[in-house]
Amino acid sequence: MKLSSAVEPVVFRLKHVLQLAFLPTLGAIFRKPTLLIRPRQVSAIFFSHVWAVYGDEIDAGLRDVKTMLITPNARNGHTAHYLDRQKVTRYVAIEPNELMHASIRRHANAAGFYESDSTLLILACGAEDIPSILRAMARVDPPASGPQPDSAYQPEQPANTIVSFLSLCTVPRPEHTIAGLVRDVLKSGGNFITHEHVLSHRQDVAWWQGFWAPIWALVFDGCRMDRPIDVWVRELVLDNGIYEERKATGDESPESAWVETKLWQDEGEMEERLIWHSGGVFTKR
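If you're matching positions, the sequence shown starts at 1 in full-length UniProt numbering and goes up one per residue.
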């Protein structure tokens, strides 16, 4: 890998985001000095200013990908515009950075999803907080008209589709989070749709990703460029007791979580890119 390819793009991007967000973040600290002892909140403020600009650019770049899919997602809420309102009954946006919630709400409302009729649910927890996600979805009245059975308010695996666009790079314990979302939130036969930047299959590129990852995470609110998210999702295995049953019959091979997978990579991406994307649609067994 050329040294210029390993250094120049990252330095340029870091310089750009500092120009975008440093002064607004500094202003927030001046207005509220106690932020100095809350570095996590400072990071969230900084990233909200970055994503206010980058979100539109990334949305434009992924438009062709999104139009193929039913895609609930969070961040600034751009994905709501790509949902088929006749098919998607509820848009659940999980975004722990509450500074982005106003933007999510604005985009969702423009696409026809509202909190007032329970077609929009914005959660401030992290994707790893599966119990909070399930409790919140159980508390919200289903948008369908007519009487609902008690079971409708205590859903088991309530989601038909889970989408992650450039999101799993930030969650803590990502392998555990992916498994929890698929096992406990996604229905059997439902789709888990991803489009993430991932660890390169080239060792030289992967080395530089690991080198830059800690600095990148500081600027981009915990985002890690060195996670093999595509591998973790593709090779996901869910036990649910089934493996123990099969083991008792002498079959000790774990069974994939997926009954069908469709994979893609961004066209035109050079192998030397530090931000290397991979996506897919995974149908749960």
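Quick reminder that beta carbons are idealized off the backbone N, C-alpha and C, glycines included.
- Task: With a threshold of 16 other CB atoms inside 10 Å of the CB of residue 11, please say whether the residue is buried or exposed.
- Result: Here residue 11 is taken as the residue at index 11 of the sequence shown, counted from 1. Looking at its Cβ environment, which holds fewer than 16 other Cβ atoms inside 10 Å, residue 11 is exposed.
- Provide the residue(s) that pair with residue 262 in DSSP beta bridges, ordered along the chain. Numbered from its first residue, the sequence shown carries residue 262 at position 262. Paired residues: 281.
- Exposure label - residue 53; buried when at least 16 CB within 10 Å: Position 53 of the sequence shown holds residue 53. Residue 53 is exposed by the Cβ-count criterion.
- Message: Taking its Cβ as the centre, do 16 or more other Cβ atoms sit within 10 Å of residue 188, making it buried, or is it exposed?
- Response: As a position in the sequence shown, residue 188 is number 188, starting the count at 1. Residue 188 should be labelled exposed.
- Message: With three or more C-beta pairs closer than 8 Å as the rule, is the region 92 to 102 touching the region 122 to 139?
- Response: Output reads yes: the region 92 to 102 touches the region 122 to 139.
- Message: Checking the sheet assignment: what are the DSSP bridge partners for residue 18?
- Response: Mapped onto the sequence shown, residue 18 falls at position 18. Looking at the DSSP output, residue 18 shares a beta bridge with no other residue.
- Item | Contact the region 253 to 268 vs the region 207 to 215: 3+ CB pairs below 8 Å | no
- If you check the beta carbons only, do residue 286 and residue 1 fall under 8 Å apart? In the structure as shown, the chain begins at 1 and stops at 285. Residue 286 is therefore absent and cannot be evaluated.
- Task: Give a yes or no on whether the C-beta atoms belonging to residue 212 and residue 274 are separated by under 8 Å.
- Result: As a first step, residue 212 must be located in the sequence shown, where it is residue number 212. As a first step, residue 274 must be located in the sequence shown, where it is residue number 274. Against a cut-off of 8 Å, the Cβ pair of residue 274 and residue 212 comes out as a contact.
- Collapsed DSSP secondary structure at residue 97 in the structure displayed: Within the sequence shown, the letter at position 97 stands for residue 97. In this structure, residue 97 counts as coil in the three-state DSSP scheme.
- Query: In terms of residue numbering, what span does the beta strand (DSSP E) encompassing residue 297 cover?
  - Reply: Because the chain spans 1 through 285 in this model, residue 297 falls outside it and cannot be assessed.
- Task: Select from 78, 226, 27 and 26 the residue whose C-alpha is nearest the C-alpha of residue 51.
- Result: Within the sequence shown, numbered from 1, the residue matching residue 51 stands at position 51. Ranking the options by Cα distance to residue 51, first place goes to 78.
- Message: Output needed for residue 123: all residues of its chain with C-beta closer than 6 Å, excluding positions within five of it in sequence on either side, in chain order.
- Response: For the purposes of this step, residue 123 is identified with residue 123 of the sequence shown, where counting begins at 1. These residues qualify, in order along the chain: 94 and 136.
- Quick one, which of 27, 282 and 98 has its alpha-carbon nearest residue 163's? The residue given as residue 163 occupies position 163 in the sequence shown. Residue 282 is the option with its Cα nearest to residue 163.
- Go ahead and label residue 221 buried or exposed: buried means 16 or more other beta carbons lie within 10 angstroms of its beta carbon, across all protein chains shown. The residue labelled residue 221 in the question sits at position 221 within the sequence shown. Note on residue 221: 16 or more other CB atoms within 10 angstroms of its CB, so buried under the neighbour-count rule.
- Task: Flag this pair as yes or no: are the beta carbons of residue 80 and residue 44 separated by less than 8 Å?
- Result: Reading the sequence shown from its first residue, position 80 is the one you call residue 80. Reading the sequence shown from its first residue, position 44 is the one you call residue 44. For residue 80 and residue 44, no; Cβs fall outside 8 Å.
- Query: Nearest to residue 192 by CA position, among 199, 170, 280 and 106, is which residue?
  - Reply: Stepping through the sequence shown from its first residue, residue 192 is reached at position 192. That would be 280, whose Cα lies nearest to the Cα of residue 192.
- From residue 26 to residue 262, what does the alpha carbon distance come to, in whole angstroms? Within the sequence shown, the letter at position 26 stands for residue 26. Within the sequence shown, the letter at position 262 stands for residue 262. Going by the C-alpha atoms only, they are around 44 Å apart.
- What did DSSP end up calling residue 147 once you bin it into helix, strand or coil? Within the sequence shown, numbered from 1, the residue matching residue 147 stands at position 147. Confidence at residue 147 is low in this model, with a pLDDT of 49, below 50, so the placement of that residue should be treated as unreliable; the coordinate-derived value is given next. In this structure, residue 147 counts as coil in the three-state DSSP scheme.
- Task: With distances taken Cα to Cα, identify the nearest neighbour of residue 180 among 46, 20 and 131.
- Result: Looking up residue 180 in the sequence shown gives position 180. Ranking 46, 20 and 131 by Cα distance to residue 180 puts 131 first.
- Go to residue 171, then tell me how far its beta strand (DSSP E) extends in each direction, as first and last residue. Start at 1 with the first residue of the sequence shown, and residue 171 comes out as number 171. Under the DSSP assignment, residue 171 falls outside any beta strand (DSSP E); it carries neither an H nor an E label.
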